[in-house]
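Have a look at the structure below before the remarks.
In our numbering, the protein residues as written are 1 to 191.
Encoded structure:
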């Protein structure tokens, strides 16, 4: 089930056999080693929410779904076998704001989705090279709940810092002007 450039897929975070979070992305490139997606500002997204509609950050089995749209353009680079994906956040297309290393485990893909399990820890790499760790508290909480192996995630983080996966080669990307802002594809919510 190869994806074609310009096709729309859901980039999904899956927990307990359910879609926990998803964002619509446009396929830019797909090879055996790498998949690259464009997520323009305004792309449809879904997230786990409580009864009041507030986002839930720590996975649990019972939740509602909230909807929103993205606010900034993003390129997502998924390298085969890497324990992370690289998210390039842009001020506007072609002007990089920062890199974002999302530590995760790749689960697989379908005709409509790229699936992973978010390991909670993230690393923001500013244009000047400053490293900013994000969600360390969520990593520890997820570890205490038995959801992730904290030591393994920290080893992955150390590997990323020792041999940075940035720059990615996509820092100057500008999208095909014919691509519309995507909605989540049919079946995005089915695992």
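No residue lacks a Cβ here, since even glycine has one placed at the ideal position from N, Cα and C. This one's a predicted model, so the numbers in the text were calculated from it and none came from an experiment.
Remark: C-beta atoms of residue 13 and residue 118 approach each other more closely than 8 angstroms.
Per DSSP, residue 154 is one residue of the alpha helix (DSSP H) stretching across 150-162.
According to DSSP, residue 35 shares a beta bridge with 30, 78. Taking the C-beta atoms as reference points, residue 121 is found nearer than 8 angstroms to residue 153.
The DSSP-derived three-state label of residue 104 is strand.
Contact between the stretch 55-64 and the stretch 13-27 is present: 3 or more CB-CB pairs across the two stretches fall below 8 angstroms. Under the DSSP assignment, residue 91 falls in the beta strand (DSSP E) whose first and last residues are 84-92.
Nearest neighbour of residue 75 by Cα position, chosen from 91, 131, 184, turns out to be 91. Taking the Cβ atoms as the reference, residue 36 lies roughly 4 angstroms from residue 29, within the contact range of under 8 angstroms.
For residue 115, the CB contacts under 6 angstroms within the same chain, skipping 5 residues up- and downstream, are 12, 14, 107, 108 in chain order. Short of 6 angstroms from the beta carbon of residue 174, and not among the five residues preceding or following it, lie these beta carbons of its own chain, in chain order: 93, 94. Look at residue 66 here: in three-state DSSP terms it is strand. If you draw a 10 Å sphere on the C-beta of residue 169, you find fewer than 16 other C-beta atoms in it, and that means exposed. Residues of the same chain with a CB within less than 6 angstroms of the CB of residue 189, apart from the 5 flanking positions on each side, are 19 in chain order.
For the set 66, 71, 27, the Cα lying nearest the Cα of residue 41 is the one of 71. No residue range can be given for residue 176, since it is assigned to no beta strand (DSSP E) and is classified by DSSP as neither H nor E.
The three-state secondary structure of residue 143, taken from DSSP, is helix. Looking at the backbone, the Cα of residue 4 and that of residue 182 are separated by about 15 angstroms.
Taking the Cα positions, residue 50 is about 21 angstroms away from residue 146. Per the coordinates, the alpha-carbon of residue 86 lies some 25 angstroms from the alpha-carbon of residue 66.
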